[in-house]
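**Student:** According to the numbering used here, the stretch in the sequence shown is residues 3 to 454, in order. Every residue gets a Cβ at the ideal spot worked out from N, C-alpha and C, and that includes glycine.
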Amino acid sequence: MKADPELEYRIVPITQVASHPAHPRTNPGDIDELTPSIEALGVLIAPVVIPAEPVVALWPDHAGALAGKDWVLLSGHRRMAALTQAANDDGDTTVAVTVRRDGLAYDPAAQLTFMRTDNVARAPLTPMDEARSFQQALKTGLSQRQIARQSGCSQPHVSRRLALMKLPAELQSRIDSGELAIQDGLRLVELAGHEAMLGVWRLLVDAGPDRWITTIDRAVDEYTARHAYKTLRAASIARAADTGTELIDPTEVFGPDAPRHRLDSSVDIEAARSGGVLVAAVNGDGELEYYTAAARSQTSPAPQSRQAPAGTPPRLIVTRAREQAAIIMASAAPRLDEAAADIVDAYVDSADAESRHLARRWLLALQIGPAADLPAQPWWQQVRGGRWALRVHAAHALALARSELAVRAHGAWNDDDRSWLRRLIDQAGYVPTAWERDRLRDLTDRPPAARR
Numbered sequence: 003m004k005a006d007p008e009l010e011y012r013i014v015p016i017t018q019v020a021s022h023p024a025h026p027r028t029n030p031g032d033i034d035e036l037t038p039s040i041e042a043l044g045v046l047i048a049p050v051v052i053p054a055e056p057v058v059a060l061w062p063d064h065a066g067a068l069a070g071k072d073w074v075l076l077s078g079h080r081r082m083a084a085l086t087q088a089a090n091d092d093g094d095t096t097v098a099v100t101v102r103r104d105g106l107a108y109d110p111a112a113q114l115t116f117m118r119t120d121n122v123a124r125a126p127l128t129p130m131d132e133a134r135s136f137q138q139a140l141k142t143g144l145s146q147r148q149i150a151r152q153s154g155c156s157q158p159h160v161s162r163r164l165a166l167m168k169l170p171a172e173l174q175s176r177i178d179s180g181e182l183a184i185q186d187g188l189r190l191v192e193l194a195g196h197e198a199m200l201g202v203w204r205l206l207v208d209a210g211p212d213r214w215i216t217t218i219d220r221a222v223d224e225y226t227a228r229h230a231y232k233t234l235r236a237a238s239i240a241r242a243a244d245t246g247t248e249l250i251d252p253t254e255v256f257g258p259d260a261p262r263h264r265l266d267s268s269v270d271i272e273a274a275r276s277g278g279v280l281v282a283a284v285n286g287d288g289e290l291e292y293y294t295a296a297a298r299s300q301t302s303p304a305p306q307s308r309q310a311p312a313g314t315p316p317r318l319i320v321t322r323a324r325e326q327a328a329i330i331m332a333s334a335a336p337r338l339d340e341a342a343a344d345i346v347d348a349y350v351d352s353a354d355a356e357s358r359h360l361a362r363r364w365l366l367a368l369q370i371g372p373a374a375d376l377p378a379q380p381w382w383q384q385v386r387g388g389r390w391a392l393r394v395h396a397a398h399a400l401a402l403a404r405s406e407l408a409v410r411a412h413g414a415w416n417d418d419d420r421s422w423l424r425r426l427i428d429q430a431g432y433v434p435t436a437w438e439r440d441r442l443r444d445l446t447d448r449p450p451a452a453r454r
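#1: What three-state label does DSSP hand TRP364 in the structure shown?
#2: Give the secondary structure of ALA48 by DSSP, where H, G and I count as helix, E and B as strand, and everything else as coil.
#3: Can you grab the Cα-Cα spacing for the pair TRP381 / ALA373, in whole Å?
#4: Can you tell which of TRP61, ILE218, GLY180 and GLY431 has the C-alpha that lies nearest to the C-alpha of ASP186?
#5: Looking at C-beta atoms only, is the number of pairs between the segment 169-183 and the segment 197-204 that lie closer than 8 Å three or more?
#6: Starting from the Cα of LEU36, find the closest Cα among CYS155, ASN285, LEU144 and ALA88 and give me that residue.
#7: Can you check whether the CB of VAL19 is closer than 9 Å to the CB of VAL74?
#8: Pull up the distance between the alpha-carbon of ALA69 and that of LYS232, whole angstroms please.
#9: Is PRO15 helix, strand or coil when you go by DSSP?
#10: Could you tell me the distance, in whole angstroms, from the CA atom of LEU166 to the CA atom of VAL57?
#11: Could you give the first and the last residue of the continuous alpha helix (DSSP H) run that contains VAL394?
#12: By the three-class DSSP mapping on this structure, what secondary structure does SER77 have?
#13: Please name the residue, chosen from ALA297, VAL50 and GLY44, that lies closest to GLU10 on a Cα-to-Cα basis.
#14: Which same chain residues end up closer than 6 Å to TRP61 when comparing Cβ atoms and leaving out the 5 residues on each side of it in sequence?
#15: Identify the continuous beta strand (DSSP E) that holds ARG102 and give its terminal residues.
#16: Taking the C-alpha atoms as reference points, what is the distance between ASP97 and SER21?
#17: Can you tell me where the beta strand (DSSP E) with THR294 in it begins and where it stops?
#18: CA-CA distance, ALA334 and HIS395?
#19: Where does THR216 land, buried or exposed, given buried means 16+ other C-beta within 10 angstroms?
#20: What is the DSSP secondary structure of LEU127, counted as helix, strand or coil?
#21: Mind checking ALA327: buried by the 16 CB within 10 Å criterion, or exposed?
#22: Give the C-beta separation of GLY388 and PRO258 to the nearest angstrom, bearing in mind that I take them to be a contact with Cβ-Cβ under 8 Å.
#23: Take the Cβ of PRO47 as the centre, count every other Cβ of all protein chains shown within 10 Å, and call the residue buried at 16 or more, exposed below.
#24: For GLY78, count neighbouring Cβ atoms within 10 angstroms of its own Cβ and tell me buried if that reaches 16, exposed if not.
#25: ILE330 and GLN174 - do their beta-carbons sit closer together than 9 Å?
#26: Would THR128 and ASN29 be called neighbours here (beta carbons separated by less than 9 Å)?
#27: What runs of the beta strand (DSSP E), each 3 residues or longer, lie entirely inside the segment 135-189?
#28: Less than 9 Å between the beta carbons of ASP131 and PRO26, yes or no?
#29: Sorted by chain position, which residues of the same chain lie with C-beta nearer than 6 Å to SER248's C-beta, five sequence neighbours on each side aside?
#30: Cα-Cα, which of THR17, ALA274, LEU368 and ALA401 is closest to ASP354?
#31: Take every Cβ of the segment 408-423, pair it with every Cβ of the segment 224-239, and state whether three or more of those distances are shorter than 8 Å.
#32: ALA296 to VAL433, Cα distance in whole Å?
#33: Among the residues of its own chain, which have a CB less than 7 Å from the CB of ALA42, if the five just before and after it don't count?
#34: According to DSSP, ARG264 sits in a beta bridge with which residue or residues?
#35: With a threshold of 8 Å on Cβ separation, who are the neighbours of ARG162 within its own chain once the five nearest residues in sequence on each side are excluded?
#36: Which of helix, strand or coil does DSSP assign to GLU254?
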């Protein structure tokens with residue numbers, strides 16, 4: 003059995019008592035209710051202190067804060083804060099303390115364990131206060147297993163709390179406030195760097211009630227996709243500059259004939275380059291697409307997509323091809339009188355999240371609407387408050403996106419899906435693939451009742 007620690011009771015000026023530099027609780031909480039009680043009755047339970055000199059030696063980085071102090075608190079931080087508030091800068095105010103001069107005063111790990119246990123016994127530490135206390139304990143040479151044993155928790159719990167220390171300060175405060183769930187915080191620390199962590203967090207919170215980014219995983223996926231797009235787009239622009247290739251907006255230069263000017267084969271691209279008629283555009287995936295500025299035969303088939311890697315599912319290939327054609331359709335909005343404002347605005351407001359996501363991607367590829375780096379919800383808010391032509395354009399893109407998403411979602415196509423494909427053919431020069439033609443034949447073979 004351990005002997006009782008060497009204790010001493012004495013009265014000391016509060017000005018000679020400092021908070022412990024490694025105290026785990028960063029915020030003493032609301033002491034306003036405690037202050038009147040101390041004013042009336044004094045401090046009923048004596049705070050525990052140790053001499054300041056050994057603490058300065060153990061935590062030399064805090065020597066300035068401890069200069070001129072005789073004692074350092076181990077317990078009773080809230081009581082001392084309330085007493086200091088009640089004293090109202092009265093330097094003569096004193097407090098009865100319990101002084102420990104035993105080995106605890108010279109053992110940093112023991113001090114941390116004492117404070118952590120004392121605080122948890124009175125009120126649970128916040129997740130980040132607990133994380134900071136574990137980190138301080140690590141610095142004393144304790145292992146995670148030892149910290150867990152002394153704290154009465156599991157080693158994985160210690161490991162998870164320590165991982166939260168990788169978060170930027172803003173997100174650490176969100177953990178303690180409850181705005182950021184601990185599990186979501188742990189997902190964020192898997193990312194590379196504070197910029198990515200904050201970027202994903204802002205995607206998650208900067209959206210409205212109809213957002214499609216409703217989980218941390220979706221926010222991570224979206225941030226990763228946007229970062230990859232920006233990186234690839236910048237590389238594509240640099241490559242075009244290095245090769246002296248002019249960048250254009252194909253829908254603006256060629257209009258609905260843009261697919262017929264597309265070049266997919268390296269032979270055609272080099273021929274256009276040699277002939278001085280090669281131009282390029284950065285597509286919605288951030289990659290370069292090449293076009294010829296020369297007129298092309300009306301019988302020339304419209305290229306549909308980049309060469310897909312071997313093994314790419316046919317459905318994915320045709321989805322990408324249809325999307326290129328849909329972007330061409332989205333480039334030209336119908337002319338509507340502003341008398342239709344109620345209808346147009348209501349359609350934009352009521353669009354589902356997936357349609358908004360796809361339509362926004364198309365409009366960004368066309369460089370139509372607010373800035374590309376604006377998060378989705380504020381982006382749509384700016385569209386909604388924008389000029390009439392932009393609102394019509396957005397409603398038009400949403401309608402197209404809804405039709406395209408319906409085709410993607412249907413296991414078996416129906417008459418509406420066939421109508422959408424017909425619009426792509428008529429208005430964007432789309433050429434259905436063999437896979438799509440098979441599905442259309444299957445639709446024709448089914449009785450009318452089964453095609454709805």
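**Tutor:** Inspection of the coordinates gives the following:
#1: If DSSP states are grouped into helix, strand and coil, TRP364 belongs with the helices.
#2: Here DSSP, grouped into helix, strand and coil, assigns ALA48 to coil.
#3: If you take the alpha carbons of TRP381 and ALA373, they lie about 8 Å apart.
#4: Of the listed residues, the one whose Cα sits closest to ASP186 is ILE218.
#5: The answer is yes - the segment 197-204 touches the segment 169-183, with three or more Cβ pairs under 8 Å.
#6: Residue nearest to LEU36 within the set CYS155, ASN285, LEU144 and ALA88 is ALA88 (criterion: CA-CA distance).
#7: Yes; because the gap between Cβ atoms is below 9 Å, this pair is in contact.
#8: Per the coordinates, the alpha-carbon of ALA69 lies some 52 Å from the alpha-carbon of LYS232.
#9: Note: PRO15 maps to strand in three-state DSSP.
#10: Rounded to whole angstroms, LEU166 to VAL57 spans 27 Å at the Cα level.
#11: Taken as a continuous stretch (DSSP letters only), the alpha helix (DSSP H) holding VAL394 covers 390-411.
#12: For SER77, the secondary structure class from DSSP, reduced to helix, strand or coil, is strand.
#13: The shortest C-alpha separation from GLU10 is found at VAL50.
#14: Within the same chain, PRO23 come within 6 Å of TRP61 by CB-CB distance, once the 5 residues on both sides are set aside.
#15: Where ARG102 is concerned, the enclosing beta strand (DSSP E) starts and stops at 96-102.
#16: Checking the sequence shown, residue 97 turns out to be Val, not Asp. About 14 Å.
#17: From DSSP, the beta strand (DSSP E) with THR294 extends over 290-294.
#18: Roughly 8 Å separates the two Cα atoms.
#19: Residue environment: THR216 is assigned as exposed (fewer than 16 neighbouring CB atoms within 10 Å of its CB, all protein chains considered).
#20: Correct three-state label for LEU127: coil.
#21: ALA327 is buried by the Cβ-count criterion.
#22: So it is not a contact: roughly 25 Å between Cβ atoms.
#23: The question names Pro, but residue 47 in the sequence shown is Ile. Label assigned to ILE47: exposed.
#24: With 16 or more other Cβ atoms within 10 Å, it is buried.
#25: Against a cut-off of 9 Å, the Cβ pair of ILE330 and GLN174 comes out as no contact.
#26: The Cβ atoms of THR128 and ASN29 lie closer than 9 Å to each other.
#27: Residue ranges of uninterrupted beta strand (DSSP E) with 3 or more members are absent from the segment 135-189; none lies entirely inside it.
#28: Yes, the Cβ-Cβ distance between ASP131 and PRO26 is below 9 Å.
#29: First, the residue type needs correcting, since residue 248 is Glu and not Ser in the sequence shown. Excluding its 5 nearest sequence neighbours in each direction, GLU248 has C-beta neighbours in its own chain below 6 Å: VAL281, listed in chain order.
#30: The alpha carbon of ASP354 has as its nearest neighbour, out of THR17, ALA274, LEU368 and ALA401, the alpha carbon of ALA401.
#31: They do not touch, by the three-pair rule.
#32: Take the alpha-carbon of ALA296 and the one of VAL433: they are about 22 Å apart.
#33: Cβ neighbours of ALA42 beyond the five flanking positions: none.
#34: ARG264 is bridged to TYR293.
#35: So the qualifying residues of the chain are ILE184 and LEU188.
#36: Helix.
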